[in-house]
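Working notes, beginning with the structure itself.
Residue numbers (our numbering): 71 to 339.
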């Protein structure tokens, strides 16, 4: 089980007693964080902390100074000069960009199965780079679909995540974005109530929101009002893409060349 208390850092009361009174260490310090993402005290006293700020305060008050961070790169090859940092940088950036592109395309197409697979891949990025709350949210989402919920409930959770107001392929938006749009309409209607606003009237308006939106849409259709699609106009990216691609190919960033450093070329691009 991970530590559950926030005093003084994130150790349990039992662990704090064992550390303080008996000198028992529960954690073997290997790097700056433990397996749950908590920060070790760099002086080796055994305490762990949820943030660097709380760890720094502990080290200043208890040990009198802030220790130098533990080097997490001991497993890196000794001969770093043989690595191609420019290639590594652009490959990682391309991978991240393709992941975001896959996210957006899965949402536009309303593909719940593909979005589920992309989330599982994204969970590795969240965990690696310290975004543990996002990693936990994706883990819970996966567990609900695979084990916790019934088959019908899991299907609803996987596929009922999109909204398509105008119809057509590739025109879906995230369901939570639709809820944000409805919240904006709801707040406008609450503001219109003026002094008549109360918990009861606010609840009544909220329950009628879907019907009111249908009524407003029907009136717009009868009056032949042009519907605003809600999308920003975009400049043709061909010119920008061509220029960027030309620079990257000229510098041969995707050709593995040991010994290159990103700072040598990126500043010129």
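Each residue gets a CB set at the ideal place from its N, CA and C atoms; glycine is no exception.
Coil, strand or helix - residue i by DSSP
i, result
"residue 323", "coil"
"residue 330", "coil"
"residue 199", "coil"
"residue 106", "coil"
"residue 304", "coil"
"residue 134", "coil"
"residue 317", "helix"
"residue 160", "helix"
Same chain, Cβ closer than 7 Å to residue i, neighbours up to 5 away in sequence not counted
i, result
"residue 341", "Limits of the chain in this structure are 71 at one end and 339 at the other, which puts residue 341 out of reach."
"residue 198", "none"
"residue 296", "none"
"residue 223", "none"
"residue 152", "328, 329"
Beta bridge counterpart(s) of residue i as assigned by DSSP
i, result
"residue 118", "110"
6 Å Cβ shell around residue i - same chain, five flanking residues per side excluded
i, result
"residue 327", "154"
"residue 185", "176"
"residue 172", "188"
"residue 257", "none"
Spatial neighbours of residue i in its chain, beta-carbon cut-off 8 Å, leaving aside the 5 residues before and after
i, result
"residue 233", "242, 243, 244, 245, 247, 248"
"residue 209", "193"
Pair within 8 Å by beta-carbon distance, residue i and residue j
i, j, result
"residue 255", "residue 283", "yes"
"residue 271", "residue 263", "yes"
"residue 215", "residue 203", "no"
"residue 135", "residue 129", "yes"
"residue 125", "residue 182", "no"
"residue 157", "residue 331", "no"
"residue 240", "residue 179", "yes"
"residue 160", "residue 318", "yes"
"residue 205", "residue 211", "no"
Could you pull out every unbroken alpha helix (DSSP H) segment of at least 4 residues lying fully inside the region 231 to 295, listed in chain order? 245 to 263, 269 to 277, 279 to 292
List in chain order: all unbroken alpha helix (DSSP H) runs of 4+ residues lying wholly within the region 170 to 232. 182 to 198, 202 to 213, 221 to 229
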